[in-house]
Structures are given as structure tokens and as C-alpha cells.
Ligand SMILES: CC(C)(COP(=O)(O)OP(=O)(O)OC[C@H]1O[C@@H](n2cnc3c(N)ncnc32)[C@H](O)[C@@H]1OP(=O)(O)O)[C@@H](O)C(=O)NCCC(=O)NCCS
């Protein structure tokens, strides 16, 4: 069985190959996590080095699903920088390796992020998902509210425009 852990920058760097393996797979199976094909070594290296820097700077949190000592899924909580919206954080880069999907790993990562809201001092999360995708079904099942759909929001890894759905959840809803 997997466990969910919050990782610090040093452990992300120690496990960088595992995170690169995870992200490469997510993009190659068509996941909408901000990248286009091909996933080069350089893109993978720069991305995870940047995440480690953000963790060190306290700008985001990284949750990892770990099984048999290896990362099989990950999720990030990015704090908003402006003072006036510091009660919000954006949930980003939900990914589970294709060999480990439909076992409840993504659900466990999201539930963990929701449970951490008070400890992180966050009153509201936002998340953007590909409209009609698996992650949208998941967040809606966890009582996130969809507040809009943006047509042609982004590109899939193979270059097709897709719509995106914006959702939020606030702490009172989580604590009900
Ligand atoms: C989306 C993703 C994170 C789901 O991970 P997962 O661990 O397989 O998800 P879970 O097993 O926790 O699924 C929970 C629920 O989400 C929904 N769901 C997940 N994947 C789905 C899919 N491919 N199609 C339809 N519904 C899906 C289902 O309601 C599922 O419940 P069920 O298995 O009881 O039917 C995974 O497919 C992934 O990493 N995709 C590539 C990256 C990506 O696109 N991430 C989305 C960024 S917003």
C-alpha cells in the first residue's frame, strides 16, 4: 500500500530520477500538466530543479505517493504570492504513473491536500482541470465547485486545443 508524504526540497532532489520518470510518463500518455511532447532530459531536469527551488523558498508544497520506496504519484500546492490573495492556494500537477492508475492514488493525494488546509493556513484551493477528463470527475466527487469553463484554454501534449474547467473549494466546505 502507498503512503502520502510531504517532501522537502532535498528529498525531491534525491528522488529527482523518480520524479522525472513520473512526469515523462504523464506527458507521454497525454496528461495535461503544462508540457508538450517530446519530453526531453533538459525539460525534465529544469522543471524539477525549479520545483526544489520553490519548495526551498516556501512558495509551494509537494505531496508524493510512495510505494515500496518509490514515488508513484505527486501533487503540488502553490501559494499565491500577492498579499491580498494569500488565503488561496492553487493545486497543480496532479499525476499518477500510468502503471498505478485507478487505485485511488490521486484521490488520496487530493484528500491529503484538503486535510492539510488548516495546518498550511489556506482557506481556499483552486484547481484547473481538462474539461471532461478524469481529474475533473475526481475533483467534483470531492465537492469542489466548478465556476467556469474556458474554451481553448491550452494544448494537449500532441498539440490539440482543449477546454479547461476551473474549480474551487473553501475550508468551511471541507470541514462540514
Ligand atoms: C488524472 C490522474 C491523476 C488520476 O489518477 P488516478 O490515481 O488513476 O485516480 P484515482 O484512482 O484516484 O481515481 C479517482 C476517481 O477519479 C476519476 N478518474 C480517474 N481517472 C479517470 C479516467 N481516466 N477516466 C474517467 N474518470 C477517471 C474516477 O471517478 C475515479 O474513481 P473510480 O476509479 O472509483 O471510478 C491520472 O490519470 C494522471 O496522472 N493522468 C495524467 C496527468 C494528468 O493529466 N493530470 C491531470 C492534471 S489536472
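In this note's numbering, the protein residues as written are 52 to 227.
All C-beta atoms, glycine included, are put in the ideal place defined by N, C-alpha and C.
Within the stretch 162–188, the runs of beta strand (DSSP E) at least 3 residues long that lie entirely inside it are, in chain order, 175–181. DSSP, reduced to helix, strand and coil, places residue 111 within a strand of the structure shown.
Its Cα nearest to that of residue 135, the residue 173 stands out among 206, 173 and 83. Bounds of the alpha helix (DSSP H) holding residue 78 are 67–79. Relative to ligand 1, residue 127 has its C-beta separated by 7 Å or more from all heavy atoms. In this structure, residue 142 sits near residue 126, with a CB-CB distance shorter than 8 Å. Taking residue 183 as reference, the option from 219, 86, 88 and 202 with the minimal CA-CA separation is 202.
Comparing alpha carbon positions, the residue from 61, 79 and 194 closest to residue 99 is 61.
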